[in-house]
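Encoded as structure tokens, the structure appears first; notes follow it.
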Amino acid sequence: MSTMRELKGRIGSVQSSQKITSAMKMISSAKLRKAESALKRIVPFRDQIQSTINNLLGADSDYQSPLTEQRPVQRVAFVIFGSDEGLCGAFNIQLYKAFTDSIDALRESSTSPIEITVYPVGGKIKSLVAKTPGIKVRPVEYVSSKSSPETLKQFSDELTTAFLSQEFDRIEIVYAYYKSVASQLAKTRQLLPISTDEFLSDAKTYRNTPYIYEPDRSTIFELVLPLFVRSTLQESCYQSRTSEQAARIMAMQMASDNAKNLLEDLQLEYNKLRQQGITTELLDILGGTVKDNE
Numbered sequence: 607m608s609t610m611r612e613l614k615g616r617i618g619s620v621q622s623s624q625k626i627t628s629a630m631k632m633i634s635s636a637k638l639r640k641a642e643s644a645l646k647r648i649v650p651f652r653d654q655i656q657s658t659i660n661n662l663l664g665a666d667s668d669y670q671s672p673l674t675e676q677r678p679v680q681r682v683a684f685v686i687f688g689s690d691e692g693l694c695g696a697f698n699i700q701l702y703k704a705f706t707d708s709i710d711a712l713r714e715s716s717t718s719p720i721e722i723t724v725y726p727v728g729g730k731i732k733s734l735v736a737k738t739p740g741i742k743v744r745p746v747e748y749v750s751s752k753s754s755p756e757t758l759k760q761f762s763d764e765l766t767t768a769f770l771s772q773e774f775d776r777i778e779i780v781y782a783y784y785k786s787v788a789s790q791l792a793k794t795r796q797l798l799p800i801s802t803d804e805f806l807s808d809a810k811t812y813r814n815t816p817y818i819y820e821p822d823r824s825t826i827f828e829l830v831l832p833l834f835v836r837s838t839l840q841e842s843c844y845q846s847r848t849s850e851q852a853a854r855i856m857a858m859q860m861a862s863d864n865a866k867n868l869l870e871d872l873q874l875e876y877n878k879l880r881q882q883g884i885t886t887e888l889l890d891i892l893g894g895t896v897k898d899n900e
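Residue numbers (the numbering used here): 607 to 900.
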């Protein structure tokens, strides 16, 4: 059974931990607002590019580009946007599980061996991916979960070059989709080749809309398709960045709540011991008084 001194020390330790988790929650809340603001700016930009592609395909659905070329899948690259810092609950574990599920699905659907290359973005996810057998890990040292748009543009151009040179037949992104502060979903999105199927399904609404193109459609395609790849990669990074802060807020909230419950239990036990000590002292005093009267 713990002594009063030990309980007092534990109470002080838990109180200090509770102050730290509360402070980290406030810091993550400020970072979340900043990340949400960046995400709200990139999403309309990507949507507008997609709308432009829908418009062009609605007028000319026969256009072909090297970025839309479908090849037999033998070499696949995965980009995983994880976190550089910890204390964000199961954030990285969920991303890693989505990654392994995607690998299993690829291998089951293919009759020939598939070569997997992984670009882990974030120190925590990098340590998880390094333990996975049968894959090649290609760290990107200049890219992190906090990278600027210029750095992500450089990374996007590198991936596009690797696809066009047929180093990879498909490139996919594993990221955390930010649904709300309490909900983040691990998703997989195909970056390259660009799938025109989803565009063609939306392009029907643009077929009867008259537009004048300047310059010609092919030139516009050559411009907007790389922009679409770049904005998709950037949006996925921002989604994961926002989800990371939301996951950390929830983790710190749970830690603070657990510390509060533990403090209540420790304080109750401390009060019981204190009351027991007072009772014992009173009994000793009363016992001494009775002996003096005798």
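Virtual Cβ for every residue (Gly too), placed ideally from N, Cα, C.
Contacting residues, own chain, Cβ-Cβ under 8 Å from residue i (five flanking each side not counted)
i      : result
Leu831 : Ile659, Ser671, Leu673, Thr674, Ile800
Leu770 : Pro672, Leu673
Lys752 : Asp690, Arg847
Ser718 : Gln680
Lys793 : Ala704, Val780, Tyr781, Ala782, Tyr783
Contacting residues, own chain, Cβ-Cβ under 7 Å from residue i (five flanking each side not counted)
i      : result
Leu785 : Here the sequence assigns Lys to residue 785, which means Leu is not the residue at that position. Counting only Cβ-Cβ distances below 7 Å, and skipping sequence neighbours, we find Leu791.
Thr627 : Met858, Ala861, Ser862, Ala865
Ser762 : Val835, Arg836, Leu839
Residues near residue i in its chain [Cβ-Cβ closer than 6 Å; skip 5 each side]
i      : result
Arg744 : Thr723, Tyr725
Tyr844 : Ala644, Leu645, Ile648
Ala683 : Thr723, Phe774, Ile777
Val620 : Ala865, Leu868, Leu869
Whole-angstrom C-beta distance between residue j and residue i, which should lie under 8 Å
i      : j      : result
Glu841 : Ile648 : 5 Å
Val727 : Ser750 : 7 Å
Glu778 : Arg795 : 7 Å
Gly692 : Lys730 : 6 Å
Ile686 : Phe705 : 6 Å
Phe697 : Ala782 : 7 Å
Leu663 : Thr802 : 7 Å
Residue from the options whose Cα sits closest to the Cα of residue i
i      : options                        : result
Pro739 : Leu693, Thr757, Ile709, Ile891 : Ile709
Arg616 : Cys694, Gln873, Val685         : Gln873
Leu798 : Leu833, Leu892, Gln654         : Leu833
Lys759 : Thr838, Arg681, Ala788         : Thr838
Arg823 : Lys732, Gly883, Asn661, Thr886 : Asn661
Leu613 : Lys878, Leu701, Thr886, Ile891 : Lys878
Ile699 : Ala711, Val735, Glu714, Arg677 : Val735
Ala853 : Ile633, Gln624, Lys625         : Ile633
Ile855 : Ser715, Asp653, Leu701, Met630 : Met630
DSSP bridge partner residues for residue i (one or two, in chain order)
i      : result
Gln790 : Tyr784
Val743 : Val724
Leu798 : Ile777
Problem - alpha helix (DSSP H) runs wholly inside the segment 629-717, at least 4 long, in chain order - result: 697-715
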